[in-house]
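Undergrad: Going down the list, the protein sequences come from chains A and B.
In case it helps, my numbering puts the first sequence at residues 388 to 564.
In case it helps, my numbering puts the second sequence at residues 179 to 958.
Here it is: the structure, laid out below.
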Amino acid sequence: MAIDAVEVQSAMPNHRARTIHVTVNGVPRESHVEARTLLVSYLREHLRLTGTHIGCDTGHCGACTVLVDGTPVKSCMFLAVQSDGSEVRTVEGLETGGKLHPVQEGFHKEHGLQCGYCTPGMMMTSVALLAANPNPTEDEIRRGISGNLCRCTGYVNIVKAIQSAAKEMAAPPKGGP
Amino acid sequence: MATAPLGGIGVSVPRKEDARFIRGKGNYVDDVQLPGMLFLDIVRSPYAYAKILAIHKEKTLAVPGVLAVITGKDLEAAKLSWMPTLMSDTQMVLPTDTVMFQGQEVVGVVATDRYAAADGVAAMEIDYEPMTPVIDPFKALDPGAPVLRTDKPGKKDNHIWHWEVGDKDGTAKALKESDVVIKEKIYIPRIHVSSIETCGCVAQVDSMGKLTVWLTTQAPHAIRTVFALVSGLPENQIRIISPDIGGGFGGKVPVYPGYVIAVVAALTTGHPVKFIEDRTGNLTSDSFARDYHIEAEIGATKDGRLTALRVKTLADHGYTDAAANPSKFPAGMFHVITGSYPFKTAFVEVDAVYTNKPPGGIAYRCSFRVTEAVHAIERLIDILAHQLKMDPAEFRLKNFIPPEAFPFPSVLGWTYDSGNYAGALKKAMEIIDYAGLRKEQVEKRKRGELMGIGISSFTEIVGAGPSKDFDILGIKMFDSAEVRIHPTGKVLARFGTKSQGQGHETTYAQILAEELGIPVEGISVEEGDTDTAPYGLGTYASRSTPTAGAAAVIAARKIREKGAKIAAHLLEVSPDDIEWVDHKFQVKGVPGKSKTMADVAFAAYTNHPQGMEAGLEAVDYYDPPNMTYPFGSYIAVVDIDKETGQIKTRRFVAVDDCGTIINPMIVDGQIHGGLTMGFAPSMLEEIQYDADGNNRATSFLEYLLPTAVETPRWETAKTTTPSPHHPIGAKGVGESATVGAPPAFVNAVVDALEPYGVSNIDIPLSSYKIWQVIHAKDPR
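Written out as structure tokens, the structure reads:
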């Protein structure tokens, strides 16, 4: 059953390849992908952005949630070609200029994560939730994240993390007189 | 320069590991990418029980990108078609002639990437001859039932083992003499841990023939030893790396067939091979939890004193006993079933049986059958209280083992280390205003409204375990810590356990900070790489703090012993004149004359006493003298909609006592998560099989994990009763809440349905089951 490396490379089918132009975390990309390539595979395997995780393959768990033009999308049910011409934001794009996003700060401060596997998807949903509703009630937060499953935290501290982020984002910028 | 805070015991230090997880920089098995890596996918059986007539590989091999197909016959040639389970039973890696459950691995397909492998799986054609499966575990024991394990020479039935403990005759006599005896059947259904990360591995063989496997495992060392014994590879040529794990809960303790097939594929192709389960594979073939059919009797005097307990249980293990129990206890710690009460006599028997289902008996945040035990006893206590017309809280307070009775020898053979059961229950009653709720309930019942209050006062048993009683496949259940202090006073500590989200990188560092006087930020914790970490049995059953946590303390104290000699040398006094005060080495009675651990560490490499070995490090393999016994009291309040049967959890108060708390924030997080995994099977989750052995929950569409909307808003509180035998008094907490919560829910729901005269409802408490109870009496 010995297989040589040359055979491995040549076996890659490319006859159904498409070219897509996507801006991922602010970086414009031109990529060749198979038409059937899922967005999550494109991000994880083509771009090596492995912060976006796969949990259920059926759109139930939300571990693969990313933002496409600001809208949360379950990237295991979304083709890479559907993101052609879009802006995609993943967990790797939350921290800017060495400064954590308030949602990242909130999850850390309030112990909103344990194993960390659902966390990137949960945070991306939270970012979209706070963009649409900067001051959500607890009920609104719980409904807002109900497409993202967490097996570790019981959601208590995720709710607190999002509340903490909302407060941080509402606060006037620090500094000044 | 400001001094960094110590961050020792009892401080809610924010987690060190978060830094990578919140940036999406965790390193899970599926994130491992190696040059030339191939992908393994698996063809699974559509039938619960069938003969394999033919496997047609041609169409699969013709799929672009597919490179190899691996069958049971291929493995049989290498004597690898079967492997041992952790309970010394045997399990197929791939079948040679018969499939034993729906979803079983039948053929491995190796391809250049995930998509091509899936194409190969889709193209596979297999001829089966279906047979009538054995699904009902009771019928499996019928004399005429087909014998499933024909691979076992001389096997004439589907019975696996019988296990019993206690005084059979004494219990029968005590029950006969009891004023009140109640008997109840309770089924604890099959459930699945469903960590959000499924199971998988990457297997690589390097140019020197060394096998490295990145594996979703909670017990890397034990797995290395099993791999060595099964494959015949020398153990020093095997390296298991358990990187970041996306939730374990016990489901990542066993060795699954896919891992072995990936290793075989890597060995035979010479390429690294990745195998990642999809969710359906995970839900249909990985080990399951529970599946205990319990029949129990409990007796009491008419004034409400408990007399005796008798329990008979049938355990459905699927087609192989692949549980991960200590070998001495095939039903785990089920005999902690006398719970928080001082029974004078009890008898427990368990029979395990084979059926055409996947291997059962593994964990769902509790592997050792404590959940089943707590569910049974806490239900029985409630039913008995009801029978005696006593308030269930009052009945418990009257019967609890009193605090002064510890260490308490239970009648079935355990020695409970410490407890204050009444303290926890009274605290929960106060927080929730138990008396007020009972008054409200009386009013609501007058109006025909359904409101229930349920209590669970559980006793846990964790920290396995003392080597005289506890081993897995013969390997004793110690655990380990190796602590090195570098010249600049920074620490590298390695452990035999493996975090899956519990926060070991922070809590172990806190233990060491406290013991060494070195700030937590200067302490790095590593686990999971068998080439670097000391041998240990891993993380499950809430054992890390009781075992490896204790090892950290002892290793640190060994370092302090040597450190005292170095400090004496630096301070020019006798070592006898040195004491450890305020996290420093100090000359006795002279607070101004002291050396920090960092001073001592620097000297250990630059200016150590002549004749002393250089360096400052220690290892400890900790053999716990006893188990630890966390406990708690939970109170649930539910309201039920009479028209729909829908249950709404209004409040849930959890008072836990896990002994000394290292990081209160992390402990609360563990309890929130544990409660949610107690709520889930109570209300939503069940893996059911139809009569043909079809699994009816093959995705998250049918297997319902709670979302943030259904999950109750947990209220938590603590009491603290340290373990007298653990070096810092800690007991472990991961699984407590999952163990304790379910009977609180059932007791609350049965209490709400009191007007309908129902004594038990098996979980999950679906609206339909509740509606049936209501409408059986009140049809409309």
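Every residue gets a Cβ at the ideal spot worked out from N, C-alpha and C, and that includes glycine.
All figures in this text were calculated on a predicted structure; none of them were measured in a lab.
Between Ala182 (chain B) and chain A, is the shortest Cβ-Cβ distance under 9 Å, so that the two count as touching?
TA: Counting from 1 along the second sequence, the entry for residue 182 (chain B) is found at position 4. So, not an interface residue.
Undergrad: Measure how close the beta-carbons of Ala509 (chain B) and Ile540 (chain B) come, nearest whole angstrom, since I'm counting them as under 8 Å.
TA: By one-based count along the second sequence, residue 509 (chain B) stands at place 331. By one-based count along the second sequence, residue 540 (chain B) stands at place 362. At roughly 14 Å, the Cβ-Cβ gap does not stay under 8 Å, so Ala509 (chain B) and Ile540 (chain B) are not in contact.
Undergrad: Which residues, in order along the stretch 193 to 206 of chain B, keep a beta-carbon less than 9 Å from a beta-carbon of chain A?
TA: From the stretch 193 to 206 of chain B, only Arg193, Glu195, Asp196, Ala197, Arg198, Phe199, Ile200, Arg201, Gly202, Lys203, Gly204, Asn205 and Tyr206 have a Cβ closer than 9 Å to chain A.
Undergrad: What residue ranges within the stretch 290 to 314 of chain B form continuous alpha helix (DSSP H) runs of no fewer than 4 residues, ordered along the chain?
TA: 292 to 301, all fully within the stretch 290 to 314 of chain B.
Undergrad: Got a sec, what are the start and stop residues for the alpha helix (DSSP H) Ile756 (chain B) sits in?
TA: Counting from 1 along the second sequence, the entry for residue 756 (chain B) is found at position 578. From DSSP, Ile756 (chain B) is part of no alpha helix (DSSP H) but of the beta strand (DSSP E) over Ile756 to Val759.
Undergrad: I'd like to know if His419 (chain A) contacts chain B, where contact means its C-beta is closer than 9 Å to some C-beta of that chain.
TA: Residue numbering aside, residue 419 (chain A) sits at position 32 when the first sequence is read from its first letter. It does not; no Cβ of chain B falls within 9 Å.
Undergrad: Would a C-beta distance cut-off of 9 Å place Lys203 (chain B) and Gly480 (chain A) closer than the cut-off?
TA: Mapped onto the second sequence, residue 203 (chain B) falls at position 25. Mapped onto the first sequence, residue 480 (chain A) falls at position 93. No, Cβ-Cβ distance for Lys203 (chain B) and Gly480 (chain A) is not below 9 Å.
Undergrad: Can you tell me the Cα-Cα spacing of Val271 (chain B) and Gly281 (chain B), whole angstroms?
TA: Within the second sequence, residue 271 (chain B) is the residue found at index 93, counting from 1. Within the second sequence, residue 281 (chain B) is the residue found at index 103, counting from 1. Approximately 13 Å between the Cα atoms of the pair.
Undergrad: Could you tell me whether any Cβ in chain B is nearer than 9 Å to the Cβ of Pro459 (chain A)?
TA: Counting from 1 along the first sequence, the entry for residue 459 (chain A) is found at position 72. Chain B, which has no Cβ nearer than 9 Å to the Cβ of Pro459 (chain A), makes this no.
Undergrad: How long is the line joining the alpha carbons of Ala906 (chain B) and Tyr934 (chain B), rounded to whole angstroms?
TA: Against the second sequence, residue 906 (chain B) aligns to sequence position 728. Against the second sequence, residue 934 (chain B) aligns to sequence position 756. Sequence check: residue 906 (chain B) is Ile here, not Ala. Their backbone Cα atoms lie some 49 Å apart in a straight line.
Undergrad: Would you report the Cα separation of Met388 (chain A) and Ala246 (chain B), rounded to the nearest angstrom?
TA: As a working note, residue 388 (chain A) is residue 1 in the first sequence. As a working note, residue 246 (chain B) is residue 68 in the second sequence. In this prediction, Met388 (chain A) has a pLDDT of 43, which is less than 50 and means its spatial position is unreliable; nothing more can be read from the coordinates.
Undergrad: Can the beta-carbon of Ser409 (chain B) be found less than 9 Å from the beta-carbon of Val441 (chain B)?
TA: The sequence position of residue 409 (chain B) within the second sequence is 231, counting from 1. The sequence position of residue 441 (chain B) within the second sequence is 263, counting from 1. The answer is yes: Cβ separation under 9 Å.
Undergrad: Measure from the C-beta of Ile454 (chain B) to each C-beta in chain A and report whether the shortest distance is under 9 Å.
TA: Position 276 of the second sequence, counted from the first residue, corresponds to residue 454 (chain B). Chain A, which has a Cβ nearer than 9 Å to the Cβ of Ile454 (chain B), makes this yes.
Undergrad: If we ignore side chains and look at the alpha-carbon of each, how far apart do Ala930 (chain B) and Val210 (chain B) end up?
TA: One-based indexing of the second sequence puts residue 930 (chain B) at position 752. One-based indexing of the second sequence puts residue 210 (chain B) at position 32. Approximately 51 Å, taken between the alpha carbons.
Undergrad: Need the endpoints of the alpha helix (DSSP H) that Pro842 (chain B) sits in, please.
TA: Here residue 842 (chain B) is taken as the residue at index 664 of the second sequence, counted from 1. Taken as a continuous stretch (DSSP letters only), the alpha helix (DSSP H) holding Pro842 (chain B) covers Pro842 to Met861.
Undergrad: What is the C-beta distance between Leu492 (chain B) and Thr516 (chain B), in whole angstroms, given that I count them as a contact (C-beta under 8 Å)?
TA: For the purposes of this step, residue 492 (chain B) is identified with residue 314 of the second sequence, where counting begins at 1. For the purposes of this step, residue 516 (chain B) is identified with residue 338 of the second sequence, where counting begins at 1. With 8 Å as the limit, Leu492 (chain B) and Thr516 (chain B) do not qualify as a contact, their Cβ atoms being about 20 Å apart.
Undergrad: When the Cα of Trp341 (chain B) is compared with those of B:Phe636, B:Phe507, B:Gly591 and B:Trp758, which residue comes out closest?
TA: In the second sequence, the residue the question calls residue 341 (chain B) occupies position 163. Comparing Cα positions, the closest option is B:Phe507.
Undergrad: Could you tell me which chain B residues have their CB closer than 7 Å to the CB of Ala518 (chain A), listed as they occur along the chain?
TA: Stepping through the first sequence from its first residue, residue 518 (chain A) is reached at position 131. Those within 7 Å of Ala518 (chain A) in chain B number zero; the least Cβ separation is about 18 Å.
Undergrad: Once DSSP output is grouped into helix, strand and coil, what is the label at Gly477 (chain B)?
TA: Position 299 of the second sequence, counted from the start, is the residue given in the question as residue 477 (chain B). Strand at Gly477 (chain B).
Undergrad: Quick test of the definition: if touching needs 3 or more C-beta pairs under 8 Å, does the stretch 252 to 270 of chain B touch the stretch 303 to 319 of chain B?
TA: Too few Cβ pairs lie closer than 8 Å, so no.
Undergrad: Counting only runs of 3+ residues fully inside the stretch 400 to 448 of chain B, write out the beta strand (DSSP E) ranges in chain order.
TA: Whole beta strand (DSSP E) segments, 3+ residues: 416 to 419.
Undergrad: Between the C-alpha atoms of Ala398 (chain A) and Leu216 (chain B), what's the straight-line distance to the nearest angstrom?
TA: Residue mapping note: residue 398 (chain A) aligns to position 11 of the first sequence, counting from 1. Residue mapping note: residue 216 (chain B) aligns to position 38 of the second sequence, counting from 1. With a pLDDT of 43 at Ala398 (chain A), under the threshold of 50, the modelled position of this residue cannot be trusted, and the question is left open.
Undergrad: Do you know offhand how far Glu893 (chain B)'s Cα is from Ile610 (chain B)'s?
TA: The count along the second sequence starts at 1 and reaches residue 893 (chain B) at position 715. The count along the second sequence starts at 1 and reaches residue 610 (chain B) at position 432. Their backbone Cα atoms lie some 9 Å apart in a straight line.
Undergrad: Could you name the residues of the stretch 898 to 909 of chain B whose beta carbon sits closer than 7 Å to any beta carbon of chain A, in the order they occur along the chain?
TA: Answer set for the stretch 898 to 909 of chain B: empty.
Undergrad: Is it a yes or a no for the stretch 533 to 549 of chain A touching the stretch 491 to 510 of chain A, going by three-plus beta-carbon pairs under 8 Å?
TA: Taking 8 Å as the limit for Cβ pairs, the verdict is that the stretch 491 to 510 of chain A does touch the stretch 533 to 549 of chain A.
Undergrad: Which of the three DSSP states is assigned to Pro587 (chain B) in this structure?
TA: Position 409 of the second sequence, counted from the start, is the residue given in the question as residue 587 (chain B). Strand.
Undergrad: Helix, strand or coil, according to DSSP, for Gln491 (chain A) in the structure here?
TA: Translated into the one-based positions of the first sequence, residue 491 (chain A) becomes position 104. If DSSP states are grouped into helix, strand and coil, Gln491 (chain A) belongs with the helices.
Undergrad: So within the stretch 626 to 710 of chain B, which uninterrupted beta strand (DSSP E) runs reach at least 3 residues, ignoring any that extend past its ends?
TA: Listed in chain order, they are 628 to 637, 657 to 663, 669 to 673 and 701 to 705.
Undergrad: Considering only residues of the same chain and omitting the five flanking positions on each side of Pro398 (chain B), which have a CB-CB separation below 8 Å?
TA: For this step, residue 398 (chain B) is matched to residue 220 along the second sequence. Closer than 8 Å at the Cβ level, and outside the excluded window around Pro398 (chain B), lie Ile418, Ile419, Ser420, Lys676, Gly706, Asp707, Thr708, Ala711 and Gly716.
Undergrad: List, from N- to C-terminal side, the beta strand (DSSP E) runs of 3 residues or more that fit wholly inside the stretch 190 to 274 of chain B.
TA: As far as the stretch 190 to 274 of chain B is concerned, its whole beta strand (DSSP E) runs of at least 3 residues are 216 to 222, 228 to 234, 244 to 248, 260 to 262 and 268 to 270.
Undergrad: How many Å lie between Gly344 (chain B) and Ala613 (chain B) at the Cα?
TA: Numbered from its first residue, the second sequence carries residue 344 (chain B) at position 166. Numbered from its first residue, the second sequence carries residue 613 (chain B) at position 435. Looking at the two C-alpha atoms, the distance is approximately 38 Å.
Undergrad: Can you give me the C-alpha to C-alpha distance between Gln396 (chain A) and Thr290 (chain B), rounded to a whole angstrom?
TA: Translated into positions along the first sequence, residue 396 (chain A) becomes position 9. Translated into positions along the second sequence, residue 290 (chain B) becomes position 112. With a pLDDT of only 44 at Gln396 (chain A), under 50, the local geometry of the prediction cannot be trusted, and no value is derived from it.
Undergrad: Got a sec? Which residues, its chain only, sit under 8 Å from Ala139 (chain B) by beta carbon, not counting five neighbours each side?
TA: For chain B, the structure presents residues 179 to 958; residue 139 (chain B) sits outside this window and is missing.
Undergrad: Taking Val468 (chain A) as the query, report the chain B residues whose CB atoms sit under 9 Å from its CB, ordered along the chain.
TA: On the first sequence, position 81 is the one that residue 468 (chain A) refers to. Near Val468 (chain A) there are no residues of chain B at all, since even the closest Cβ is about 14 Å away, more than 9 Å.
Undergrad: Reducing DSSP to helix, strand and coil, say where Asp526 (chain A) ends up.
TA: Residue 526 (chain A) sits at position 139 when you count from the first residue of the first sequence. Three-state result, Asp526 (chain A): helix.
Undergrad: Just to confirm, are Met386 (chain B) and Leu326 (chain B) a CB contact at a threshold of 9 Å?
TA: The count along the second sequence starts at 1 and reaches residue 386 (chain B) at position 208. The count along the second sequence starts at 1 and reaches residue 326 (chain B) at position 148. No, Cβ-Cβ distance for Met386 (chain B) and Leu326 (chain B) is not below 9 Å.
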